[in-house]
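Residue numbers (the working numbering), protein chains in the order written: chain A, 6 to 238; chain B, 6 to 238.
Protein chains: 2
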Amino acid sequence: MNETKNDLTGRNEAEEVSKEVTDKYSLRGRVFNRIREDILSGKYAENEELKEVSIGNELGVSRTPVREALRQLELEGLVNIIPNKGAYVHGISQKDIHDIYVIRSYLEGLAARWACERITDEEIENLEENVYIANFHIGKKHYETIVELDSQFHETIYKASGSKILEHQLSTYHHYVERIRKISLGREERAKKANEEHAAILEAIKGRNGDLAEKLAHEHIISTIANLNKQGL
Amino acid sequence: MNETKNDLTGRNEAEEVSKEVTDKYSLRGRVFNRIREDILSGKYAENEELKEVSIGNELGVSRTPVREALRQLELEGLVNIIPNKGAYVHGISQKDIHDIYVIRSYLEGLAARWACERITDEEIENLEENVYIANFHIGKKHYETIVELDSQFHETIYKASGSKILEHQLSTYHHYVERIRKISLGREERAKKANEEHAAILEAIKGRNGDLAEKLAHEHIISTIANLNKQGL
DNA sequence: GCAAGTATCATTGTATACAATAATGCACAT
DNA sequence: ATGTGCATTATTGTATACAATGATACTTGC
């Protein structure tokens, strides 16, 4: 009865993984990721009502997983729920994205500072490899890979900060602006500069220079914001 | 069959309001707040399994609202959910609390800076009244009220920052450490100092001095951390 | 005695049924 | 024509039923 390509009951969808919802194979997890992506990608209009049955039908599942997903999205702030009334899209605006970058500029700095104290040798090697390989792919203009490596670089530092709280928060923000990051790193000039900045941050962390690492990581995000402005975002 | 004092189906429980879950009158909302409080207050042991039926029975509701609440708590990081297995308490540790304060020290600074640009006259009056009244209650040792006023002072600045994202994040953290804040402000010396710091931050905001406001708000939290350390927390 | 396999039970995952609430539209009075 | 009230419908809120999964304990063969 429901054999569209949207059906989530099969195992054939290569859904993007969300760090927040560990349960990537449950219906709820997939519905959550799906709606989230659809909101972040702008498929839904702002304030559009998200009806449980409609979405359920569209995705080939019952109301239950949809409800749970919507409730979680409410907590993430991507959905507004008015009791006994409905769930409404509350996507992130241009201003929200800007705010997130500014917030990140502080928190990435803090993560780099903490990483200086707690990073493991393995993680350092990880970062060195990342910078080295990224350099190769930038030359080859492999933009998909570049974005992926950029994600990994930052995620590694989040983890190395040794703070679950900070890691969790930065991961969430990082995902929020994924769409923007793809655009930003799509310019070779920016990708190159970003990787140089990564290298500098890595050196500061290796040298266990907390002040410098914080400053460089902070400036790395500020530099990203400047680039976004240049691109008219 | 279920007429214990824990029953949430009645309207007689004065549940604490959570800013995140707007639906304070739905069963889910109340179950959410209840479990959250119980985790934050330490009623549950770390890694304790939270079984849907048990909690449902305890609270006099079915599994459905409990499930939804647990899924939300997972997103908040207070509960670990292992698919097909169970939900486990993942309370916040001493280190988490410390991390939150450090993170807050940056974000409160940012909020104060942004507030300088966007705060309304009404909000300024609000803050002035807050500081003035707090001074009175500190003299009277009305600690409940002092904590409440402290919350309001900070929440007002969060709102005045004009950033939904930042407001949301700071509110969440603020609630996380509520238990600690009660202890901290329970010392007259600290309550007095905190209010003086509030007054200074307010003056900086009124003077639209972003750099100073950020610095003072940042230091206000650092000063709180120092006090916590002094109290052996 | 012990390990592997299996049956049983407990628990979660999903779907659906029923209840409560809010929205809609129509009839009717003014 | 307009607004009020009621009936109808749509939608969410909650409970429960059923399915699937994982845990447990027992049995059986060695």
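The beta carbon of each residue, even a glycine, is placed where N, CA and C say it ideally should be.
Closer than 8 Å at the beta carbon, the chain B residues around residue i
{"i": "His173 (chain A)", "result": "Gly82"}
Short CB-CB distance (under 8 Å) between residue i and chain A
{"i": "Thr27 (chain B)", "result": "With a pLDDT of 43 at Thr27 (chain B), under the threshold of 50, the modelled position of this residue cannot be trusted; read the value that follows with caution. By this cut-off, Thr27 (chain B) is an interface position."}
{"i": "Tyr163 (chain B)", "result": "no"}
{"i": "Tyr111 (chain B)", "result": "yes"}
{"i": "Asp155 (chain B)", "result": "no"}
{"i": "Arg72 (chain B)", "result": "yes"}
{"i": "Val107 (chain B)", "result": "yes"}
{"i": "Leu217 (chain B)", "result": "no"}
{"i": "Leu233 (chain B)", "result": "no"}
{"i": "Leu115 (chain B)", "result": "yes"}
Identified DSSP bridge partners for residue i
{"i": "Leu55 (chain B)", "result": "B:Ala92"}
{"i": "Ile87 (chain B)", "result": "B:Gly91"}
Neighbourhood of residue i by C-beta distance below 7 Å, restricted to the same chain and skipping five residues each side
{"i": "Ile227 (chain A)", "result": "Ser110"}
{"i": "Val136 (chain B)", "result": "Asn200, His203, Ala204, Leu207"}
{"i": "Thr150 (chain A)", "result": "His142"}
{"i": "Ile138 (chain B)", "result": "Leu154"}
{"i": "Gln157 (chain B)", "result": "Asn135"}
{"i": "Asp28 (chain B)", "result": "Note that Asp28 (chain B) has pLDDT 44, beneath the 50 cutoff, so the model's placement of it is unreliable and no number is given."}
Cβ shell of residue i (< 8 Å), same chain only, five flanking positions each side left out
{"i": "Tyr178 (chain A)", "result": "Ile105, Ile108, Arg109, Leu112"}
{"i": "Asp161 (chain A)", "result": "Note that residue 161 (chain A) is Thr in the sequence shown, not Asp. Closer than 8 Å at Cβ, skipping near neighbours: Glu128, Asn131, Leu132, Asn135."}
{"i": "His159 (chain B)", "result": "Glu113, Leu175, His179"}
{"i": "Tyr49 (chain A)", "result": "Asp43, Leu55, Val94, Gly96"}
{"i": "Glu51 (chain B)", "result": "Val94, His95, Gly96"}
Anticipated Cβ contact below 8 Å, residue i with residue j, distance rounded
{"i": "Ala165 (chain B)", "j": "Arg123 (chain B)", "result": "6 Å"}
{"i": "His142 (chain A)", "j": "Leu154 (chain A)", "result": "7 Å"}
{"i": "Arg33 (chain A)", "j": "Glu73 (chain A)", "result": "5 Å"}
{"i": "Ile185 (chain A)", "j": "Ile102 (chain A)", "result": "6 Å"}
{"i": "Leu83 (chain B)", "j": "Leu55 (chain B)", "result": "At roughly 10 Å, the Cβ-Cβ gap does not stay under 8 Å, so Leu83 (chain B) and Leu55 (chain B) are not in contact."}
{"i": "Glu57 (chain B)", "j": "Val71 (chain B)", "result": "5 Å"}
{"i": "Ser189 (chain A)", "j": "Gln236 (chain A)", "result": "7 Å"}
{"i": "Asn232 (chain A)", "j": "Arg195 (chain A)", "result": "5 Å"}
{"i": "His193 (chain B)", "j": "Lys146 (chain B)", "result": "It is Glu, not His, that sits at residue 193 (chain B) in the sequence shown. At roughly 7 Å, the Cβ-Cβ gap stays under 8 Å, so Glu193 (chain B) and Lys146 (chain B) are in contact."}
{"i": "Lys198 (chain B)", "j": "Val152 (chain B)", "result": "Their Cβ separation, rounded to whole angstroms, is 15 Å, which puts Lys198 (chain B) and Val152 (chain B) out of contact at 8 Å."}
{"i": "Gln99 (chain B)", "j": "Gln77 (chain A)", "result": "Wrong, their Cβ atoms sit about 28 Å apart, outside the cutoff."}
{"i": "Tyr181 (chain A)", "j": "Leu45 (chain A)", "result": "7 Å"}
{"i": "Ser31 (chain B)", "j": "Pro88 (chain A)", "result": "6 Å"}
Sequence-distant residues of its chain with Cβ nearer than 6 Å to residue i (five each side left out)
{"i": "Ile230 (chain B)", "result": "Tyr106"}
{"i": "Asn85 (chain A)", "result": "Tyr93, His95"}
{"i": "Ala222 (chain A)", "result": "Glu113, Gly114, Ala117, Ile206"}
{"i": "Gly191 (chain B)", "result": "Tyr148"}
{"i": "Val26 (chain A)", "result": "Because the pLDDT of Val26 (chain A) is 44, which lies under 50, any placement of that residue in the model is unreliable, and the question is left without a value."}
{"i": "Cys121 (chain A)", "result": "Ile210, Arg213, Gly215, Ala218"}
{"i": "Gly61 (chain B)", "result": "Ser67, Arg68, Val71"}
{"i": "Glu79 (chain A)", "result": "Ile86"}
{"i": "Lys220 (chain B)", "result": "none"}
{"i": "Leu171 (chain A)", "result": "Ala116"}
{"i": "Glu53 (chain A)", "result": "Val94"}
Closer than 7 Å at the beta carbon, the chain B residues around residue i
{"i": "Asp104 (chain A)", "result": "Ser168, Ile170, Leu171"}
{"i": "Ser31 (chain A)", "result": "Pro88"}
{"i": "Ile101 (chain A)", "result": "According to the sequence displayed, residue 101 (chain A) carries Asp and not Ile. Simply Lys169, Ile170."}
Closer than 8 Å at the beta carbon, the chain A residues around residue i
{"i": "Arg238 (chain B)", "result": "The question names Arg, but residue 238 (chain B) is Leu in the sequence shown. Under the 8 Å cutoff, chain A gives no residues; its nearest Cβ is about 17 Å from Leu238 (chain B)."}
Short CB-CB distance (under 8 Å) between residue i and chain B
{"i": "Gln77 (chain A)", "result": "yes"}
{"i": "Leu45 (chain A)", "result": "no"}
{"i": "Glu224 (chain A)", "result": "no"}
Closer than 7 Å: residue i CB and nearest the ligand COA heavy atom
{"i": "Ser168 (chain A)", "result": "With respect to the ligand COA, the structure offers nothing, as it holds no ligand at all."}
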